[in-house]
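S.K.: Protein chains in written order, with our numbering: chain P, 6 to 289; chain U, 6 to 289; chain R, 6 to 289; chain X, 6 to 289.
Would you mind keeping the following structure in view while I ask a few things?
4 protein chains.
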Amino acid sequence: MEKIKCFGIIGGDKRQLYCACGLAADGFDVILCGFDRSEDPPELPSRDPESTISESDALILPVPVSRDGKTVFSPLSYENIDLRYCLELCGKDKPVFFGVYGKAEPSVFEGHRAYCYGSRNDFAAANAVPTAEGAIMTAVSESTRCITLSPCLVTGYGRIGRVLAFMLRGMGADVTVSARKSEDLELIRAAGMKAVHTANITGRYDFIFNTVPAMVLDRDTLSRCAAGLVIDLASPPGGVDDKAAEELSVRVIHALSLPGKTAPESAGDIIKKTVYNIIREEDI
Amino acid sequence: MEKIKCFGIIGGDKRQLYCACGLAADGFDVILCGFDRSEDPPELPSRDPESTISESDALILPVPVSRDGKTVFSPLSYENIDLRYCLELCGKDKPVFFGVYGKAEPSVFEGHRAYCYGSRNDFAAANAVPTAEGAIMTAVSESTRCITLSPCLVTGYGRIGRVLAFMLRGMGADVTVSARKSEDLELIRAAGMKAVHTANITGRYDFIFNTVPAMVLDRDTLSRCAAGLVIDLASPPGGVDDKAAEELSVRVIHALSLPGKTAPESAGDIIKKTVYNIIREEDI
Amino acid sequence: MEKIKCFGIIGGDKRQLYCACGLAADGFDVILCGFDRSEDPPELPSRDPESTISESDALILPVPVSRDGKTVFSPLSYENIDLRYCLELCGKDKPVFFGVYGKAEPSVFEGHRAYCYGSRNDFAAANAVPTAEGAIMTAVSESTRCITLSPCLVTGYGRIGRVLAFMLRGMGADVTVSARKSEDLELIRAAGMKAVHTANITGRYDFIFNTVPAMVLDRDTLSRCAAGLVIDLASPPGGVDDKAAEELSVRVIHALSLPGKTAPESAGDIIKKTVYNIIREEDI
Amino acid sequence: MEKIKCFGIIGGDKRQLYCACGLAADGFDVILCGFDRSEDPPELPSRDPESTISESDALILPVPVSRDGKTVFSPLSYENIDLRYCLELCGKDKPVFFGVYGKAEPSVFEGHRAYCYGSRNDFAAANAVPTAEGAIMTAVSESTRCITLSPCLVTGYGRIGRVLAFMLRGMGADVTVSARKSEDLELIRAAGMKAVHTANITGRYDFIFNTVPAMVLDRDTLSRCAAGLVIDLASPPGGVDDKAAEELSVRVIHALSLPGKTAPESAGDIIKKTVYNIIREEDI
């Protein structure tokens with residue numbers, strides 16, 4: 006990590022600003038680009054793309070890299086920053102760390118020393134925490150009931166499902182988790198929770214948290230459940246049959262991008278740590 | 006409990022409406038009075054005070070009973086309902102259940118068969134849950150950081166402190182609890198948390214939750230801590246030196262009446278259950 | 006605490022030896038008396054009662070002080086150490102810390118500067134941990150079943166009940182706690198466990214842990230339960246109708262003095278810490 | 006599952022007897038073979054291998070199938086039961102469920118309808134519970150200290166590591182888990198525990214639980230730790246350098262086959278459930 010002394014941070018939301026602050030606190034030089042609209046910018050130098058890239062040893066691009074396929078995703082800037090141009094300025098050797106592609110063409114990174122931090126398992130694992138906390142906050146604020154003692158269903162026992170179920174149980178909820186694999190069903194029970202096969206979901210749940218990116222809560226399943234509030238954490242199109250839910254008078258909230266919304270500081274810290282992990286593993 | 010067939014519910018906020026629905030769901034007749042402004046009133050009969058009281062076998066008054074010392078606290082009504090008049094209508098024998106006095110004179114209940122549900126230990130214990138959940142929701146929504154893994158301080162190990170510390174620990178926070186009694190300090194440790202004597206609070210805490218109705222977080226203590234966000238759950242004047250906090254750039258949120266705000270349905274259920282407990286204990 | 010430089014430890018079991026080692030590790034001089042049968046004695050000076058007392062600034066007597074009313078309880082010694090003689094040697098001014106009386110007459114301490122550490126709340130709170138761990142160990146080793154996922158009943162929500170229920174829940178058991186006070190019943194629920202009034206205990210429990218020093222598990226209650234293994238943590242006569250249990254084929258284990266048996270080192274540490282607390286509070 | 010009406014259980018320890026009882030309780034006919042030495046045999050018919058197999062629709066062999074490569078592992082029998090002969094009696098069509106091979110040649114099952122329940126993930130996941138409970142029981146009974154509040158290290162975050170770390174944390178221990186993958190390190194932190202890379206294990210731990218079947222606690226690592234008690238859960242040769250441990254005065258306990266030892270009833274239940282899972286998945 007001794008080779009990189011200065012990071013350029015181009016584009017992104019508050020998470021990137023917190024990431025920048027974290028890097029600076031760790032002793033790195035940091036140059037910002039694309040945060041001219043930020044209300045409360047950190048005291049770090051801001052430059053145009055050319056200077057940012059020429060003066061820094063590595064570049065960090067946001068999550069996602071682009072929402073239009075052309076410019077860097079920069080909600081905190083009045084400027085349009087061309088993604089391809091930035092990469093050209095980086096050349097073949099300057100490391101570029103980027104979040105998920107979004108609408109950016111993967112091919113745009115070809116020939117560059119580009120590392121995707123947004124698709125890594127450690128990134129996803131760490132972001133399960135702000136996601137789960139955001140889901141719980143949403144449940145408490147949108148419902149008239151307490152979570153503690155309430156029957157809660159978490160669909161899926163992947164990273165988010167596991168962390169969320171663990172927290173709900175830790176708060177005293179009566180937690181059931183659905184999964185398909187018999188191994189997962191045993192692991193759910195081993196953690197002191199109730200397990201149900203996804204195909205057999207039934208019963209009354211004051212809260213249902215969907216973590217599965219597939220149509221798990223279809224009309225059939227919703228009809229078999231007496232569901233209070235459904236919080237869908239899966240990316241669009243989500244895992245809930247919204248039309249059936251409406252007909253069954255089940256309220257559904259699609260809670261997306263929770264880490265950036267509820268905990269941008271922690272989310273920025275996770276970007277920083279993941280970049281460090283890449284640097285260590287790849288010996289950059 | 007067989008003697009009471011019909012409850013009259015006069016005044017109060019959403020909690021009383023949920024309490025009313027709960028009583029109806031349990032098979033009681035319920036008459037409402039003082040909810041004419043309610044946006045989404047339950048399908049239960051509404052009457053004036055005279056009919057409400059004459060047709061019911063027992064009366065439930067709100068938390069608090071009165072905010073002006075004269076009328077029943079009725080935020081969901083355009084009418085003024087005179088407290089003393091209601092009690093006169095009840096006479097000597099009709100049981101009246103009421104929450105805390107607020108500005109009402111305790112003497113106004115003299116000569117009546119009045120039972121305070123709001124000052125009971127079981128009521129306070131049950132309300133610790135929505136209070137703790139509301140405190141956690143506030144912490145997540147008002148902070149840019151996650152609770153999990155963060156150093157959190159809970160001051161006080163009474164009912165709310167205990168439930169809140171337990172939940173935070175269950176969510177994976179790094180929990181320290183302050184108390185004064187050596188027994189409490191041992192019980193805190195026995196629950197797998199760090200204990201500190203109130204006089205010796207020090208260190209960095211991303212979140213401080215005050216549950217003690219006394220000036221615990223005074224200038225001295227705040228100076229010794231690197232506090233992120235302080236959430237004060239104690240009734241006014243609270244337990245934080247707000248002026249010192251401001252000077253030290255520590256953000257303080259006074260989070261009051263959380264059960265009614267974040268979980269009126271659960272809070273209404275608690276009122277109902279406490280009334281049942283009184284009826285059982287007093288053989289009403 | 007600066008006035009005491011040397012502690013004399015007279016009598017007791019392994020706990021007192023660990024307490025002595027802890028005091029020595031904290032920088033105190035320590036003199037032992039009554040450990041001549043100890044198999045693996047610590048490297049600390051041993052003296053007769055006269056020298057031990059004359060050379061030390063304070064005396065620590067064991068838990069209990071005496072089992073015969075005359076001599077100091079000294080299971081690790083071949084000698085008989087007269088309790089009254091020891092106290093005479095201490096005179097009026099030398100502080101004497103002692104555990105519970107056992108068969109010793111309280112009057113024997115009159116006129117002496119004696120402090121009972123064994124009856125203090127902080128001592129009891131801290132000992133709840135080794136007691137609960139010992140109870141769990143007993144349950145695992147004496148049963149053919151796992152605790153996790155099993156229905157477990159803890160009777161009583163005092164110090165031991167609370168710590169034990171908390172641990173069982175933390176291990177993933179399906180925990181019900183019985184209590185009498187409606188406040189306790191609410192606090193049990195607030196901690197995410199099932200609550201049942203002591204008078205209404207019923208159902209199937211693979212494990213029942215009694216923490217109440219009263220006949221809670223009488224014939225009636227046992228008949229209403231399908232109990233697997235009962236572990237009685239209450240001092241004799243205990244809280245289980247042993248005859249009824251035998252007739253109902255319910256196995257009962259009376260697990261007593263668990264801290265000294267399963268964790269003498271931690272138990273000795275608790276004695277040391279409690280003595281420190283007394284010294285601080287009494288400004289000795 | 007309707008096709009199987011009668012199970013033959015040949016060989017094995019108490020787990021197989023509890024499995025047999027569970028099958029009988031679920032309504033199956035069960036025939037036992039190889040339990041003539043059992044002290045407290047269940048009230049189920051016992052036959053010789055020939056009758057057992059001819060009268061049953063499916064056969065359950067033990068964990069492991071054989072310890073000598075020739076006979077069925079039958080510690081509760083005076084007889085030698087030839088494995089190859091049993092399989093011949095089963096023929097090509099009768100389902101045979103067996104645990105791990107042990108010394109049995111895999112080829113011996115060729116041409117038979119054999120299903121290994123012992124190598125399945127759901128079997129391993131479910132057995133993590135009795136393994137973890139047995140490890141905790143061993144820790145409590147072999148140590149003079151409490152687990153609660155003690156620094157504990159769990160090496161590895163696979164099934165057993167996860168369940169064990171979860172339980173220790175639930176009991177109030179100060180838990181650190183070591184792993185190699187950065188994803189696992191994040192998941193450990195997300196569960197509110199400390200994470201350390203396996204290569205960097207250091208510090209004082211009152212208890213170290215090894216779950217990794219590789220030399221994790223080598224001389225280097227042990228020298229960097231101040232370890233109290235090491236409990237090695239990995240199969241021989243285990244994960245601890247025993248010689249180095251002895252030289253460093255670190256006590257090591259190799260705790261093997263814990264499910265069968267500490268919870269044969271639960272372990273037998275797990276065998277039953279896993280057989281059911283196979284039957285369902287394979288549509289037997």
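Ideal Cβ placement from N, Cα and C applies to all residues, glycine included.
Measuring alpha carbon to alpha carbon, tell me which of X:G265, X:L28, X:L227, X:D18 ends up nearest F12 (chain X).
M.R.: Here the closest residue by C-alpha is X:L28.
S.K.: For M172 (chain X) and M176 (chain R), I'd like the C-alpha separation in whole angstroms.
M.R.: Roughly 5 angstroms separates the two Cα atoms.
S.K.: With V235 (chain P) and R256 (chain P) assumed to form a contact (beta carbons below 8 angstroms), what rounded beta-carbon distance in angstroms separates them?
M.R.: 7 angstroms between Cβ atoms; contact.
S.K.: Hey, does V168 (chain X) have any beta-carbon neighbour from chain P nearer than 7 angstroms?
M.R.: For V168 (chain X), the answer is yes, since a Cβ of chain P falls inside 7 angstroms of its Cβ.
S.K.: Please list the residues of the stretch 172-201 of chain R that have a C-beta atom closer than 9 angstroms to any C-beta atom in chain P, keeping them in chain order.
M.R.: Correct list: R174, G175, M176, G177, A178, D179, R194, A195, A196, G197, M198.
S.K.: Could you spell out where the beta strand (DSSP E) holding L234 (chain R) opens and where it closes?
M.R.: Taken as a continuous stretch (DSSP letters only), the beta strand (DSSP E) holding L234 (chain R) covers 230-237.
S.K.: Answer yes or no: do C151 (chain X) and P135 (chain R) have a C-beta to C-beta separation smaller than 7 angstroms?
M.R.: Cβ atoms of C151 (chain X) and P135 (chain R): closer than 7 angstroms.
S.K.: Is the CB-CB distance between P269 (chain X) and N132 (chain X) below 7 angstroms?
M.R.: Contact flag unset, no.
S.K.: Cβ of E188 (chain P) versus every heavy atom of the ligand SAM: is any distance shorter than 6 angstroms?
M.R.: Inclusion of the ligand SAM in the displayed structure is not the case, the ligand content being empty and no account of it being possible.
S.K.: Please report the residue range of the beta strand (DSSP E) in which K199 (chain U) lies.
M.R.: 199-202 is the extent of the beta strand (DSSP E) around K199 (chain U).
S.K.: Less than 7 angstroms between the C-beta atoms of T279 (chain U) and D127 (chain U), yes or no?
M.R.: Yes, the Cβ-Cβ distance between T279 (chain U) and D127 (chain U) is below 7 angstroms.
S.K.: Using a cut-off of 9 angstroms between C-beta atoms, extract the partners of I15 (chain P) located in chain U.
M.R.: By Cβ distance, chain U contributes nothing, its closest Cβ being about 22 angstroms from I15 (chain P), past 9 angstroms.
S.K.: Quick check on V134 (chain U) - is its C-beta less than 7 angstroms from some C-beta in chain R?
M.R.: V134 (chain U) counts as touching chain R.
S.K.: Name the chain X residues that come within less than 7 angstroms of E138 (chain R), Cβ to Cβ?
M.R.: Those are V145, C151, I152, T153, listed as they occur along chain X.
S.K.: Is it right to say G166 (chain P) is buried, meaning 16 or more other beta carbons lie within 10 angstroms of its own, or is it exposed?
M.R.: Under this definition G166 (chain P) is a buried residue.
S.K.: I need the straight-line Cα distance from I206 (chain X) to A144 (chain R), nearest angstrom please.
M.R.: If you take the alpha carbons of I206 (chain X) and A144 (chain R), they lie about 33 angstroms apart.
S.K.: Can you tell which of U:V113, U:T267, U:R118 has its C-alpha closest to the C-alpha of K97 (chain U)?
M.R.: Of U:V113, U:T267, U:R118, the residue nearest in Cα terms is U:R118.
S.K.: Starting from the C-beta of D41 (chain P), find all residues in its chain whose C-beta is less than 8 angstroms away, skip the five residues before and the five after it, and write them out in chain order.
M.R.: S51, L81, S82, Y83, E84.
S.K.: Would you tell me roughly how many angstroms separate the C-alpha atoms of V19 (chain R) and A232 (chain X), rounded to the nearest one?
M.R.: Per the sequence shown, the amino acid found at residue 19 (chain R) is Lys instead of Val. Spanning the two alpha carbons is a distance of roughly 22 angstroms.
S.K.: Can you list the alpha helix (DSSP H) stretches of 4 or more residues lying completely in the stretch 182-225 of chain R, in chain order?
M.R.: List check, alpha helix (DSSP H) in window: 187-195.
S.K.: Between the stretch 187-201 of chain X and the stretch 223-230 of chain X, do three or more beta carbon pairs fall short of 8 angstroms?
M.R.: Result no; under three Cβ-Cβ pairs closer than 8 angstroms.
S.K.: Let's see if you can read the secondary structure: which residues bound the alpha helix (DSSP H) around V134 (chain R)?
M.R.: Per DSSP, V134 (chain R) belongs to the alpha helix (DSSP H) from 126-147.
S.K.: Got a sec, what are the start and stop residues for the alpha helix (DSSP H) L22 (chain R) sits in?
M.R.: Element bounds for L22 (chain R): 19-30.
S.K.: Taking only beta-carbon atoms, is S271 (chain P) less than 7 angstroms away from chain U?
M.R.: Yes, S271 (chain P) counts as interfacial toward chain U.
S.K.: Between I276 (chain X) and Y120 (chain X), is the Cβ-Cβ spacing less than 7 angstroms?
M.R.: No, these two residues do not count as a Cβ contact at 7 angstroms.
S.K.: I'd like to know if T279 (chain R) contacts chain X, where contact means its C-beta is closer than 7 angstroms to some C-beta of that chain.
M.R.: Cβ-Cβ to chain X under 7 angstroms: no for T279 (chain R).
S.K.: Looking at the C-beta of A130 (chain R), does it have a partner C-beta in chain U at a distance below 7 angstroms?
M.R.: With 7 angstroms as the cut-off, A130 (chain R) counts as an interface residue toward chain U.
S.K.: Hey, quick one: how far does the beta strand (DSSP E) through L158 (chain P) stretch, first residue to last?
M.R.: Note, L158 (chain P): beta strand (DSSP E), 156-160.
S.K.: According to DSSP, which residues form a beta bridge with V77 (chain R)?
M.R.: Paired residues: none, contrary to the question.
S.K.: Write down every uninterrupted run of the alpha helix (DSSP H) in the stretch 253-282 of chain R whose length is 4 residues or greater and which is fully enclosed by it, in chain order.
M.R.: Counting whole runs of 4 or more residues, the stretch 253-282 of chain R contains the alpha helix (DSSP H) stretches 263-267.
S.K.: What residues in the stretch 59-91 of chain U bring their beta carbon closer than 7 angstroms to a beta carbon of chain R?
M.R.: Of all residues in the stretch 59-91 of chain U, none has a Cβ within less than 7 angstroms of some Cβ in chain R.
S.K.: So, is the C-beta of A260 (chain X) closer than 7 angstroms to a C-beta in chain R?
M.R.: No, because no Cβ of chain R sits closer than 7 angstroms to the Cβ of A260 (chain X).
S.K.: At a CB-CB cut-off below 7 angstroms, which residues of chain P make contact with M142 (chain U)?
M.R.: Those are M142, V145, S146, listed as they occur along chain P.
S.K.: With burial defined as no fewer than 16 other Cβ atoms inside 10 Å of the residue's Cβ, what is the status of K10 (chain X): buried or exposed?
M.R.: Counting Cβ neighbours within 10 Å, K10 (chain X) comes out exposed, since fewer than 16 surround it.
S.K.: Here's a check: name, in chain order, each residue in its chain whose Cβ is nearer than 6 angstroms to the Cβ of C24 (chain U), leaving out the five neighbours to either side.
M.R.: Same-chain partners within the cutoff: G273, I276, K277.
S.K.: Is there a C-beta anywhere in chain U that falls below 7 angstroms from the one on A268 (chain P)?
M.R.: So, interface residue.
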